[in-house]
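Colleague: There's a structure below that I have some questions on.
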Amino acid sequence: MRRTILASTAVVAVLVLTGCAQGGGASQTADGPVMVEPAPGARDGGVQSAEGGSSSLDSSAGSSGSSADSAAAADQSVITTGWITVTVDDPTAAVDATVDLVESLDGRIDSRSQQAGSENSRSSAQLVIRVPADSVDAAVEGLGELGTVDSVSLSSNDVTLQVRDLDAQIKALQASVDRLLDLVDQAATTADLVELETAISDRQAQLDSLKSQKQYLSDQIAYSTLTVDLTQKGALPSNAPGDFWSGLAAGWASLVAAMSGLVVAIGVLIPWLLPLAVIAGIIALIVALSRRGARRRAARGGAAGAGGVLPTYATPYQPASTTAQTAAPVAVAPQSYGSPATNPGAATATHPATTPDSHDTQVLGEHDRAAHPDTAPPPVDAPESDTSEHRDTPPYPQS
0 MRRTILASTA VVAVLVLTGC AQGGGASQTA DGPVMVEPAP GARDGGVQSA
50 EGGSSSLDSS AGSSGSSADS AAAADQSVIT TGWITVTVDD PTAAVDATVD
100 LVESLDGRID SRSQQAGSEN SRSSAQLVIR VPADSVDAAV EGLGELGTVD
150 SVSLSSNDVT LQVRDLDAQI KALQASVDRL LDLVDQAATT ADLVELETAI
200 SDRQAQLDSL KSQKQYLSDQ IAYSTLTVDL TQKGALPSNA PGDFWSGLAA
250 GWASLVAAMS GLVVAIGVLI PWLLPLAVIA GIIALIVALS RRGARRRAAR
300 GGAAGAGGVL PTYATPYQPA STTAQTAAPV AVAPQSYGSP ATNPGAATAT
350 HPATTPDSHD TQVLGEHDRA AHPDTAPPPV DAPESDTSEH RDTPPYPQS
């Protein structure tokens, strides 16, 4: 019974793969093995048929998976960019060949620039080309035939989600604009009509912006961007002098160039140096005047201190009959200048014993001098170096 079931399963699998057109015959064939015991060879054939059916299922599943991958790849939106550097013998001829290559691939040239060679640099050229996305490999291969490829860099950016988002927004805005246009015909008042037109203008502006973005992305997806650098082959020429005279000429040229640069720098700085010089002169003048005034004040103070005299004190008046004092100290008796009766303001001055070299004697009061003008000592002329602050002090009497 188990063998019968196994053989029946194999036959059913084969019949399912052959198609539904032979469904009736398949049923009759499937019913046969149930009534009759199959032979060993038939059992082996049935097993082989089952294995064949399994392989057919696997191949069918594989083909379905590859078809799904192809559909997914077709739905992807990828932007491809690249950079290629090629060393060529003649950049100008290489540029012409690149233009021909791009035109043959149904592409276009977005930009082109060429630099002529000089003593310090080789000639070169740069192009930005746009080729169909499925022709990038052919373009790189064709550029490699122009010379020696130094470097190649390709990058891809998947923008599938961004494209789908733009499509959804465009679809929604387009439907909104269509509904607003339908409402315009139903507007009953002018205010409603103005409001609808304003809304339509806003939605239409957004819709146009989204369509522009979608168009840009579509162009970037459809045409890949390649930047091509073409550089001349060969080493840079050496500028080192070969002999004494060439070295002398090179040194003289360097000196002339340096002096020319210095003259130019001075010409640039002169407009800036003139205002700075004026400001510096004003500051120097202010400093000089302040220092001169300080020196004058210092000189006046020094002259006053050096030419001045010590305060002088008058010795008490003594009668003419008084003999000259000796070296020994002599006590002076107290004298009274007037009595309280005749001079109430008079005061009695008692003078201690003094020596000829002492200046510690007490000075008579102004009141006593006023009371006895005839007994006051004769005035003494003050020296020329006497300052104003000592003029009121009674001078020493002349001997």
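Here numbering that gives the first Met the number 0 is used: the first residue of the sequence shown is 0, the next is one more, and so on.
For glycine and all other residues, C-beta sits at the position ideal for the given N, C-alpha and C.
(1) According to DSSP, simplified to helix, strand and coil, what is Arg121?
(2) Give the straight-line distance between the Cα atoms of Asp181 and Gln203, rounded to the nearest whole angstrom.
(3) Let's test the definition: count the other Cβ atoms within 10 Å of the Cβ of Gly146 and tell me whether it reaches 16, buried, or not, exposed.
(4) Using the Cα positions of Ala190 and Asp201, report the straight-line distance between them to the nearest angstrom.
(5) If you reduce the DSSP assignment to three classes, tell me which class Thr405 lands in.
(6) Is it true that the region 222-236 meets the region 80-92, where meeting means three or more beta-carbon pairs spaced less than 8 Å apart?
(7) At what residues does the beta strand (DSSP E) containing Gln113 begin and finish?
(8) Would you check if there are 3 or more beta carbon pairs closer than 8 Å linking the region 98-116 to the region 127-140?
(9) Are the beta-carbon atoms belonging to Gln212 and Leu165 less than 8 Å from one another?
(10) Using the rule of at least 16 other Cβ atoms within 10 Å of the residue's Cβ for burial, across every protein chain shown, is Thr78 buried or exposed?
(11) Can you tell which of Ser120, Gln125 and Leu216 has its C-alpha closest to the C-alpha of Leu160?
(12) For a minimum of 3 consecutive residues, which ranges assigned as the beta strand (DSSP E) are wholly contained in the region 137-213?
(13) For Arg129, which residues does DSSP report across the bridge?
(14) Counting beta carbon pairs with one atom in the region 256-272 and one in the region 111-121, are three or more of them shorter than 8 Å?
(15) Enumerate in chain order the residues of its own chain whose CB-to-CB distance from Val35 is below 8 Å, with the five nearest sequence positions on each side excluded.
(16) For Leu206 and Val176, which I take to be in contact (beta-carbon distance under 8 Å), what is that distance rounded to the nearest angstrom?
(17) Can you give the Cα-Cα distance for Ala221 and Leu172, rounded to whole angstroms?
(18) Give me, in chain order, the residues of the same chain whose beta-carbon lies closer than 7 Å to that of Val98; leave out the 5 immediate sequence neighbours on both sides.
(19) Looking at the structure shown, is Gln219 part of a helix, part of a strand, or coil, going by DSSP?
(20) Counting only the same chain and skipping the five closest in sequence on each side, list residues whose C-beta sits under 6 Å from that of Leu192.
(21) Label Gly292 either buried or exposed according to how many other C-beta atoms from any shown protein chain fall within 10 Å of its C-beta, with 16 as the threshold for buried.
(22) Go through its chain and collect everything with a Cβ distance to Gly141's Cβ below 6 Å, but skip five positions before and after it.
(23) I'd like to check one pair, Leu126 with Val94: are the Cβ atoms closer than 8 Å?
(24) Measure the beta-carbon distance from Asp157 to Gln75 and round it to whole angstroms, keeping in mind my assumption that it falls under 8 Å.
(25) For Ala137, which residues from the same chain have a beta carbon less than 7 Å from its beta carbon, with the 5 sequence-adjacent residues on both sides left out?
(26) Taking just the CA atoms, how far does Ala174 sit from Ser123?
(27) Roughly how many angstroms lie between the CA atoms of Asp242 and Ser253, to the nearest whole one?
(28) Can you give me the Cβ contacts of Thr224 inside the same chain, cut-off strictly under 7 Å, excluding the 5 residues immediately before and after it?
(29) Taking just the CA atoms, how far does Ala92 sit from Val255?
(30) Leaving out five residues on either side along the sequence, give the residues of the same chain with a beta carbon under 7 Å from the beta carbon of Ala96.
(31) Closer than 8 Å by C-beta to Thr188: which residues in its own chain qualify, once you throw out the five before and the five after it? Chain order, please.
(32) Can you grab the Cα-Cα spacing for the pair Arg299 / Ala283, in whole Å?
(33) Quick one: residues in its chain with C-beta nearer than 6 Å to the C-beta of Asp89, no 5 flanking neighbours on either side, listed in chain order?
Modeller: The answer reads as follows:
(1) coil
(2) 14 Å
(3) So Gly146 ends up on the buried side.
(4) Those two C-alpha atoms are separated by around 17 Å.
(5) Lying outside 0 to 398, the shown extent of the chain, residue 405 is not represented and no answer is given.
(6) yes
(7) Arg107 to Gln114
(8) yes
(9) yes
(10) The sequence shown places Ile at residue 78, not Thr. Counting Cβ neighbours within 10 Å, Ile78 comes out buried, since at least 16 surround it.
(11) Leu216
(12) 147-157
(13) Arg107 and Thr224.
(14) no
(15) Bear in mind that a pLDDT of 37 at Val35, under 50, signals an unreliable position, so the model cannot answer this.
(16) Right, their Cβ atoms sit about 6 Å apart.
(17) 25 Å
(18) Ile108
(19) Gln219: helix per DSSP, three-state reduction.
(20) The residues are Ala186.
(21) exposed
(22) Leu100
(23) yes
(24) The C-beta distance from Asp157 to Gln75 rounds to 6 Å, short enough to fall under 8 Å.
(25) Leu104
(26) If I take the Cα positions, the gap works out to 53 Å.
(27) 16 Å
(28) Thr80, Val127 and Arg129
(29) 39 Å
(30) Leu145
(31) In its own chain, leaving out the 5 sequence neighbours on each side, no residue places its CB closer than 8 Å to the CB of Thr188.
(32) 25 Å
(33) Only residues of its own chain outside the window of five on either side were considered, and among them none has a CB closer than 6 Å to the CB of Asp89.
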